[in-house]
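Structure first, then comments.
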Amino acid sequence: TLRYLYKNKTLVQCRPRFPHRESLLDRVSLFQGDITRLEVDAIVNAANRSLLGGGGVDGAIHQAAGSGLLKECRTLGGADTGDAKITGGYKLPSKHVIHAVGPIYSSSERDIKAAQLEACYENSIDLAIANKLSSIAFCSISTGIYGYPIVDATHIALQTTREILDKESSSGIERVIFVVWSDKDKHVYQTLLPEYFPES
Ligand code: AR6
């Protein structure tokens, strides 16, 4: 279950949920801005099951990558919710795009949605490892058009990432960047990051 505190409607930090690990602090960072500008091994797209583009960050990525991306996406045959597939980056500064399909949120199926969102992060990092990539940038999957509450989604993003980075098998992943667009989302990440990646 997700636990967090609000005081006067403001999200406040809780005690760390994971032990301090100095080496992880260099491997995780927060960036506010346009994910299509990042020069990394892979950016993670918040796609839909068709993998053929859409609005939001998906639209921005296809726009910036050019039509070669859509052409490759047409060969993929879509993907299930929670799954991820990798393509080239085309005109993007990023070498690859990992297309993850987040869940459309509904509060009546919270556990299923949480498991699907967790799978997006897990499958994306697994793909990065399988392709020997060392840097990966995530947008906040499902929290725009798909309506996932940002605080819940951020807990899932951070906890899943921390659990994977704790494993020896992910040692090739040198950097995970969480990309936020709005000030509100930045505040949520800044508040919750120290619970999963405590600085001392
Ligand atoms: N860079 C970084 N983050 C961005 C950018 C950008 N250029 N543009 C938007 N965001 P959304 P979803 C943030 O709606 O909720 C599409 O039609 C945005 O503020 O893009 O998973 C797909 O095809 C939000 O925090 O994705 C699907 O049909 C986050 O990215 C559907 O939307 C994700 O918002 C997926 O919806």
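full-length UniProt numbering numbers the first residue of the sequence shown as 29 and each following residue consecutively.
Even for Gly, the Cβ is constructed at its ideal location relative to N, Cα and C.
I want to check one thing, is the minimum distance from the CB of residue i to the heavy atoms of the ligand AR6 below 7 Å?
i: Gly96; result: no
i: Thr182; result: no
i: Ile157; result: no
i: Asp108; result: no
i: Thr115; result: no
i: Thr171; result: yes
i: Thr64; result: yes
i: Ser210; result: yes
i: Asn76; result: yes
i: Ser122; result: no
i: Asp213; result: yes
i: Val68; result: no
i: Val72; result: no
i: Val207; result: yes
i: Ala143; result: no
i: Ser199; result: no
i: Val85; result: yes
i: Cys101; result: no
i: Ala88; result: yes
i: Ser57; result: no
i: Ser152; result: no
i: Ser163; result: no
i: Ser228; result: no
Answer yes or no: does any C-beta atom of chain C fall closer than 8 Å to that of residue i?
i: Ala92; result: No chain C is part of this structure, which consists of one protein chain only.
Closer than 7 Å to a non-hydrogen atom of the ligand ADP - does that hold for the CB of residue i?
i: Tyr174; result: Of the ligands this structure carries, namely the ligand AR6, none is the ligand ADP.
Taking the alpha-carbon of residue i as reference, which of the options has the nearest alpha-carbon?
i: Ala147; options: Ser135, Asp108, Lys160; result: Asp108
i: Asn73; options: Thr115, Gln60, Ala158; result: Thr115
i: Val125; options: Leu52, Arg190, Leu79; result: Leu79
i: Gly200; options: Arg55, Cys42, Ile89, Arg49; result: Arg55
i: Ile169; options: Asn159, Ser163, Ile63, Arg190; result: Ile63
i: Thr182; options: Ser57, Val216, Lys212; result: Val216
i: Thr189; options: Ala92, Leu52, Val40, Asn159; result: Leu52
i: Ile178; options: Ser152, Lys212, Lys195; result: Lys212
Beta-carbon separation of residue i and residue j under 8 Å?
i: Lys119; j: Gly94; result: yes
i: Tyr176; j: Tyr133; result: yes
i: Leu193; j: Leu220; result: no
i: Gly84; j: Ile173; result: yes
i: Asp154; j: Val129; result: no
i: Ala70; j: Ser122; result: yes
i: Val204; j: Cys167; result: no
i: Leu98; j: Gly81; result: yes
i: Ala158; j: Ile164; result: no
Uninterrupted alpha helix (DSSP H) stretches inside the region 85 to 112 (no shorter than 4 residues): 95 to 101
What residue ranges within the region 99 to 185 form continuous alpha helix (DSSP H) runs of no fewer than 4 residues, ordered along the chain? 138 to 158
Please give me, in chain order, every unbroken run of the beta strand (DSSP E) with length at least 3 that falls completely inside the region 182 to 208. 203 to 208
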